[in-house]
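What follows is a short report on a single structure.
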Amino acid sequence: MNELPTIQGSLLKASEVAKLFNISRSLAYQLMQRGDVPTVRFGGIVRVRASDLDEYIRRSWSGWKQD
191 MNELPTIQGS LLKASEVAKL FNISRSLAYQ LMQRGDVPTV RFGGIVRVRA SDLDEYIRRS
251 WSGWKQD
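Every position in the sequence shown, counted from 1, becomes a number in the numbering used here once 190 is added.
So, in C-alpha cells, the structure goes:
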C-alpha cells in the first residue's frame, strides 16, 4: 500500500500550497477561504500549517484502486 508523504514544520503561503498541489494560486485561496484547508491568521497574513495540510490530504485521499 502506498503511503502519503508528510509535510512537516512550517507555515505555508497560498502560493506554496498551490505549488505542492500543482494547482493555481487562486484555487489554493479558495480552499483556504472555504475552510477546506484550515488557516492561521496574523493580521492580514494568512498561512496554512503543514500539519493541517497533511490532515486535509488524509481526509481527501480516496486511495489507489487495486486491480
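From the three backbone atoms N, C-alpha and C, an ideal C-beta is built for every residue, glycine too.
Environment of V230 [buried if 16+ CB atoms lie within 10 Å]: With fewer than 16 other Cβ atoms inside 10 Å of its own Cβ, V230 counts as exposed.
Minimum C-alpha distance to D226 - residue among F211, L210 and L243: Comparing Cα-Cα distances from D226 to each of F211, L210 and L243, the minimum goes to L243.
Pairwise C-alpha distance: S250 and R237: As the crow flies, the alpha-carbon of R237 is around 20 Å from that of S250.
Whole-angstrom distance between S205 and R224, CA atom to CA atom: Near 17 Å, if we compare the C-alpha coordinates of S205 and R224.
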